[in-house]
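Residue numbers (the numbering used here), protein chains in the order written: chain A, 75 to 379; chain B, 75 to 379; chain C, 75 to 379; chain D, 75 to 379. Okay, structure first, notes after.
4 protein chains.
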Amino acid sequence: MDELLEQLVEECRGCTSQGKVATYIPELAKANPEELGIYVLQSDGRHCQAGAYQKRFTIQSVVKPILLLLALMDNGEDYVRARVGVEATGKPFDAINMTDQTLFSDHINPMVNMGAIAMCTLIKGSSYEERFQRLLELTRKLAGDPEIRLDEAVYLSEKRTGNKNRALAYLLKTYGMIEDEVEEVLDCYFKACSISVNSKDLAHIAFVLANRGRLPQTDERVFSRRYAHYVNAILMTCGMYDGSGDFAVNVGVPAKSGVGGGIMAVVPTRMGIGIYGPSLDEKGNSVAGIQVLKGLSERMYLSIF
Amino acid sequence: MDELLEQLVEECRGCTSQGKVATYIPELAKANPEELGIYVLQSDGRHCQAGAYQKRFTIQSVVKPILLLLALMDNGEDYVRARVGVEATGKPFDAINMTDQTLFSDHINPMVNMGAIAMCTLIKGSSYEERFQRLLELTRKLAGDPEIRLDEAVYLSEKRTGNKNRALAYLLKTYGMIEDEVEEVLDCYFKACSISVNSKDLAHIAFVLANRGRLPQTDERVFSRRYAHYVNAILMTCGMYDGSGDFAVNVGVPAKSGVGGGIMAVVPTRMGIGIYGPSLDEKGNSVAGIQVLKGLSERMYLSIF
Amino acid sequence: MDELLEQLVEECRGCTSQGKVATYIPELAKANPEELGIYVLQSDGRHCQAGAYQKRFTIQSVVKPILLLLALMDNGEDYVRARVGVEATGKPFDAINMTDQTLFSDHINPMVNMGAIAMCTLIKGSSYEERFQRLLELTRKLAGDPEIRLDEAVYLSEKRTGNKNRALAYLLKTYGMIEDEVEEVLDCYFKACSISVNSKDLAHIAFVLANRGRLPQTDERVFSRRYAHYVNAILMTCGMYDGSGDFAVNVGVPAKSGVGGGIMAVVPTRMGIGIYGPSLDEKGNSVAGIQVLKGLSERMYLSIF
Amino acid sequence: MDELLEQLVEECRGCTSQGKVATYIPELAKANPEELGIYVLQSDGRHCQAGAYQKRFTIQSVVKPILLLLALMDNGEDYVRARVGVEATGKPFDAINMTDQTLFSDHINPMVNMGAIAMCTLIKGSSYEERFQRLLELTRKLAGDPEIRLDEAVYLSEKRTGNKNRALAYLLKTYGMIEDEVEEVLDCYFKACSISVNSKDLAHIAFVLANRGRLPQTDERVFSRRYAHYVNAILMTCGMYDGSGDFAVNVGVPAKSGVGGGIMAVVPTRMGIGIYGPSLDEKGNSVAGIQVLKGLSERMYLSIF
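Written out as structure tokens, the structure reads:
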């Protein structure tokens, strides 16, 4: 299988030229668009990898399922579902999905920015710094990597330029979905997006979701089977933004992408996959990452459909 | 398992009072809201059933995946994908998903009305009557039921009152997605929606999708594994209209509902399920049908996530 | 003043190259984009003209205020206002101004297509042919031109290609704003748009609106002062589609444009103006016509603001 | 005429019960809904008044035309028009008028919040405090009232609760229409809205617009005839929010309302009118104020149409 991964990485590297690295956050623009890496962790304990799988990058939107998990673990499903919906928005990641003059909780989704910002207010902590630390701890635990830390430069860059997210957060505040200070909530959100990970980390986190809540090796349960179903289902319907439908058809597994170039793909009961490929298509998904996953899905019959 | 089905039907019959039967087509308003039936066909050949599983009703939107299948079989995936998109619209079944003054094929989806009407123009036939007959034949074959026929009364009722669908079709015509006469295309669509089936039929059709294109018993291949992936993936992301997200979280299998009260649920590799329960929630899905499927999914671990 | 008009026509003819003739109806595409004509009728009885003022063209949307007038004359203001709103839509002429799944009468406007189609159902007549004949009679009377007639070729062209209008009409039917047969209503609407007029006719019609309901020469009252206020006010806020704001700022008088190249401008108490210039800007307004009116307004202080 | 005003105020006071005072800013909720006052200044120098015409209230959105005037005076028409559009939005005052993911300057209007916030960045000053002081000076000059000052309590109340405006401002920042610090721009905007005026002040400001830029008495020119046309035209098409169409039909003069209960109405060449009536309809316009203006327009033939 190492060989298959090497081969896919070689085949797909070419298509990195069809996309481009994110530039809306100045720090992200520094990425090398040609890099591509993959790490796969299987349920029998084997792991394999190819390319730039050790390269660190910021997690960006791939943190959204972890935020959702922590919100579920802290509050239970009913509480979370009542505050943030689960339907696909049919719109880009930073869309304002408002019906005329009102914002309904059913219309915000934890996998797009507005829902993820709302999620920050649901996780527990006496301060937003503490909330972020708890999120960071959970990320380290799921990834089995105590080295995971905040990328200060990206965080400061996001904080300085994140005006669309500020607009979204003030809309949430306007309609009663944020009670705390908007800048504090956003600070937690910008930090969450700026956690630095590598493909191996994403593969491990994906594995726990594929393994319905249990860590590899120790088999320790971190969250319930029910929460795995909840998160994986949302990843399937909305994890790849407005490219989720094509991804479901062509790859057929729950996944989440981020503008840092990461993709985390969950193959229920079978494997966790982490990808790094910072050249993005117009929807914000890793161009080469999707190609690698498509090839892997075809050759290893990964589609759950 | 018969016992489990009986029990679920009993438990869920109560919630039929939370919904109501469709009234926008006069013929549908005649249904008995308290009826509830289920039929399950498993991969080992066993089948079980409970309640009004023999009751005939019109297939309505559950015909959409069959239309999509026939379009794929007639034209191949690339041709179909270029003309009708696969993203969730995030909107109700009869929504007009236009961006300002333009309609993009990527914004129409085969599981909502506009996309399904476009699908009628893709299936082959020298006339729209012939196209409908080919669809009817495929439906009979997938269901293994040569008795399936058109419900003339519902068809005429739809034809007379289907003005929203006319509006959608004329928009498709305006933007070049329909070349033929709108009324002929609609005639085929209204007939397609008025095919009369029962829960057993839906279970058989779902089984072929679960079995990736092969019929039960004979194991004859009707369509490719690839098309099963294609259709099942779209059912997962958009099969239950703007209730698809909750259904994915709570039941976790590809499914399609219709305003006639039917639900067809596909449990890949394992089973096909057909439901009849004409009392609908506000999104147009069978209230009790969803409850039965939720119960069955929990007790039999059906979620593919 | 004849001299001023000649001069303006010469000055503005150049800008016809900035636009293009309408092509969505095949017959309209045959117009000569460089033609430009103007006719002015003043309250003291003088009239002056320049350029192609005798050229006949189809009235298109300039018929909308006449439809509105006839609806008011037939039903009174309250009845009409309850069925068709008066607010600017902020959208193009053929926009679908729906709030989610509902269409409110307050959101349709008599100066855009949906509202004008609804208006056809409000005017009286035992058949839609009779309704059209009554509209034609009123147009002839206001223009003082018994020669005005239907352009059959344009009418048939519109009827054959008017699918967007069919879509709009079926939406009106869906939401109860049309009770009669859609094709009959549309037939009346397509005929109304295909009335053949010249700039002189438009100037006379505009004059009656400027003169608050009285014909020139005879001073015969055709409609009440109140209806003149009603129609002129709507022309000011929405007569030039989504270019109404710029027109109000730059010209400052009520006006209505049509894709046939006509503009009818009303200078209350002072004059009626008719323009022909078939080269249109992207909003569907005559490019040169607006320039001529701007020049005339500046030099003769026409702005009512 | 004093008698006519007294009579209209008496007649219309009853309809104050059909509306309610604004509550979204806590300070505004303290107003007495039954108060009603009017002040009229005519071109022959006469003035008349009735009811609570001396009552001070915050100017709120009635400041928007003054902001627009100052932006025009500071930068010229071309500069302002290139940055803020003039079309009616067809939407409520605090609507987000975005086309998908982009915000076009042509889609923001100086009479709704987003455009008015953008206007604050166009007026000149070395600080936003200075910009506000210049606006305050212009307001005093137009009103001929050096007593006009900021209502600190309302300003602080707006600043504390104005989250929707913060969202709008961050959207403007996102799309490059604000370069300065959002909170500084908003501070100027909140102060602008909190200027305390009375009906007499509004009548005087309206008079200068009606008099095309010249003060009463001295006849000193404060701004050009052209800017009066520009501002009055926009007041006509969008000054009464999404009630502008009905107001144009029923009253027929340029006007601007504010949620503080004020209305400023401009009768070109004839008079300036100021109204105070804090009971608002659902669109945010003074219920009784509109009734008084309607009565006055009918009896004194004020409609410019």
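For glycine and all other residues, C-beta sits at the position ideal for the given N, C-alpha and C.
| Asked | Found |
| --- | --- |
| Buried or exposed, going by whether 16 or more other CB atoms sit within 10 Å of the CB of A:Pro220? | exposed |
| For D:Glu232, which residues from the same chain have a beta carbon less than 7 Å from its beta carbon, with the 5 sequence-adjacent residues on both sides left out? | Ile99, Phe264, Cys267, Ser268 |
| Evaluate contact between the segment 92–109 of chain D and the segment 289–303 of chain D, counting only Cβ atoms and requiring at least three cross-stretch pairs below 8 Å. | no |
| Tell whether a beta-carbon distance below 8 Å holds between A:Val361 and A:Thr132. | no |
| Excluding sequence positions up to five away, which residues of its chain have a Cβ less than 7 Å from the Cβ of C:Ile378? | Gly326, Val327, Pro342 |
| Quick check on B:Gln116: does DSSP put it in helix, strand or coil? | strand |
| Spell out whether any CB of chain C is found under 8 Å from the CB atom of B:Tyr244. | yes |
| Cα-Cα, which of D:Gly348, D:Gly250, D:Val323 is closest to D:Asn272? | D:Gly348 |
| If you draw a straight line from the alpha carbon of D:Asp261 to that of A:Gln291, how long is it in whole angstroms? | 57 Å |
| With which residues is C:Val341 paired in a DSSP beta bridge? | C:Met345 |
| Within this structure, are the beta carbons of C:Tyr350 and C:Gly335 separated by less than 8 Å? | yes |
| Leaving out five residues on either side along the sequence, give the residues of the same chain with a beta carbon under 8 Å from the beta carbon of B:Asp355. | Gln92, Gly93, Gly317, Val361, Ile364 |
| Report the three-state DSSP secondary structure of C:Ala124 (helix, strand or coil). | strand |
| Less than 6 Å between C-beta atoms, sequence neighbours within five positions excluded: which residues of the same chain meet that for B:Asp359? | Residue 359 of chain B is actually Asn in this sequence, not Asp. Same-chain partners within the cutoff: Met314, Gly317, Ser331. |
| Are any of the Cβ atoms in chain C nearer than 8 Å to that of D:Pro342? | yes |
| Would you call the segment 143–160 of chain D and the segment 185–204 of chain D touching, i.e. three or more CB-CB distances under 8 Å? | yes |
| So B:Asn106 contacts chain C; which residues on that side make the cut at Cβ distance below 9 Å? | Residues of chain C passing the Cβ test: none, with the nearest at roughly 27 Å. |
| Could you tell me which residues DSSP pairs with B:Leu354 in its beta bridges? | B:Lys94, B:Ser360 |
| Flag this pair as touching only if the segment 177–186 of chain C and the segment 157–164 of chain C have three or more C-beta atom pairs under 8 Å; answer yes or no. | yes |
| Taking a cut of 7 Å between CB atoms, which residues from the segment 239–265 of chain D lie near chain A? | Arg240, Ala241, Tyr244, Leu245, Lys247, Thr248 |
| For the 8 Å Cβ check, are there 3 or more pairs between the segment 203–214 of chain B and the segment 123–141 of chain B? | yes |
| Could you tell me if A:Ala329 is buried or exposed, where buried requires 16 or more neighbouring beta carbons within 10 angstroms of its beta carbon? | buried |
| Just tell me which of C:Leu142, C:Met75, C:Tyr249, C:Glu257 has its CA closest to the CA of C:Arg208. | C:Leu142 |
| Whole angstroms is fine: what's the gap from B:Gly250's alpha carbon to C:Ala339's? | 36 Å |
| I'd like to know whether the C-beta atoms of D:Ala227 and D:Glu109 end up nearer to each other than 8 Å. | no |
| Let me make sure I understand the geometry here. Which of A:Gly287, A:Glu258, A:Val323, A:Asn187 has the alpha-carbon closest to that of A:Asn306? | A:Gly287 |
| My output table needs one value for B:Leu209: the three-state DSSP class, helix, strand or coil. | helix |
| Please confirm if D:Ile182 has its CB atom under 8 Å from at least one CB of chain A. | no |
| Considering only DSSP beta bridges, list what D:Phe131 is partnered with. | D:Val271 |
| Given that B:Asn237 touches chain C, what residues does it touch there, using C-beta distances under 7 Å? | Tyr244, Lys247, Thr248 |
| Can you pull the chain D neighbours of C:Thr311, defined as C-beta to C-beta under 8 Å? | Ala162, Met310, Thr311, Ser318, Gly319, Ala322 |
| Do C:Met185 and C:Ile279 have their C-beta atoms closer together than 8 Å? | no |
| List, in chain order, every chain B residue whose beta-carbon is nearer than 7 Å to that of A:Pro328. | Phe379 |
| Go to D:Ala329, then tell me how far its beta strand (DSSP E) extends in each direction, as first and last residue. | 329–331 |
| Determine the burial state of D:Arg240: buried for a count of at least 16 other Cβ atoms within 10 Å of its Cβ, exposed for fewer. | buried |
| Taking 8 Å as the CB-CB cut-off, is B:Lys138 touching chain A? | no |
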